[in-house]
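Plus 195 on top of the position in the sequence shown (first one is 1) and you've got the working numbering.
Here's the structure, in structure tokens; my notes come after.
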Amino acid sequence: MTGNVKWFNAEKGFGFIRTEEEKDIFVHYSQIVQDGYKSLNEGEAVRFEIFESEKGLQAKNVERA
Numbered sequence: 196m197t198g199n200v201k202w203f204n205a206e207k208g209f210g211f212i213r214t215e216e217e218k219d220i221f222v223h224y225s226q227i228v229q230d231g232y233k234s235l236n237e238g239e240a241v242r243f244e245i246f247e248s249e250k251g252l253q254a255k256n257v258e259r260a
């Protein structure tokens with residue numbers, strides 16, 4: 196799935212991705228696939244998978260598109 200970062204708070208380590216279907220999906224820094232400091236920039240295009248957690252839908256395997 197693809198989308199764009201709606202917002203990401205690097206200090207708190209989470210944010211939301213807006214999908215092409217206009218849904219907002221929670222993203223935690225631990226699900227970002229990159230070396231070093233894991234963060235995302237607002238508006239950045241990303242690829243990801245969705246899984247259902249006890250708190251709702253979340254993104255996993257998040258990579259820059």
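Each residue gets a CB set at the ideal place from its N, CA and C atoms; glycine is no exception.
Counting along the chain, residue 219 sits inside the beta strand (DSSP E) bounded by residues 219 to 223. Going by DSSP, residue 248 is part of the beta strand (DSSP E) stretching over 240 to 248. About 5 Å separates the beta carbon of residue 228 from that of residue 258, a gap short enough to meet the 8 Å contact definition. Burial is judged here by how many other beta carbons sit within 10 angstroms of a residue's own beta carbon; residue 246 has fewer than 16 and is exposed. Between residue 231 and residue 225, the alpha-carbon positions lie close to 11 Å from each other.
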